[in-house]
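Read the structure below first, then the notes.
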Amino acid sequence: MSRSPRFVHNAGVAHQGFHASPFMNPEDLQRLVTVAMPYGKYKDRLIADLPGPYLAWFARKGFPPGELGRLLALMHEIDHNGLSHLLAPLRQR
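Numbering (the numbering used here), first residue to last: 232 to 324.
Below is the structure:
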């Protein structure tokens, strides 16, 4: 299996432009429930509301660069680990 150099592989999951950090930015969690997907099939849907299979597709193919990719990768980790319910209090703000 060939690997594209534009992907960063972490724990068997391809991440483009995403480097895991031991420090989480709390503002990113709030952004998951306020930032909408800017394009594609789920355009205008909050990142926190994107379906798991869509996030998993990005994890396999590579996340876009920048903040959007970072937020999608974070949401994928949250969804994959069954922690989406932890975002509920943030939605109420």
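Even glycine gets a Cβ: it sits at the ideal position worked out from N, Cα and C.
In this structure, L263 sits near A279, with a CB-CB distance shorter than 8 Å. Nearest Cα to P282 within the set E308, Q323 and P320: E308. Around the C-beta of R301, 16 or more other C-beta atoms lie within 10 Å, and the residue is accordingly described as buried. Bounds of the alpha helix (DSSP H) holding D259 are P257 to L263. In this structure, DSSP gives L314 a state outside helix and strand, which the three-state scheme calls coil.
The continuous alpha helix (DSSP H) containing A319 extends over residues A319 to R322. Residue V266 holds the alpha-carbon nearest to the alpha-carbon of R322 among M255, G271 and V266. The beta carbons of L286 and D259 sit about 15 Å from each other, so the pair does not count as a contact at 8 Å.
Residue state for L277 is assigned as strand, using DSSP reduced to three classes.
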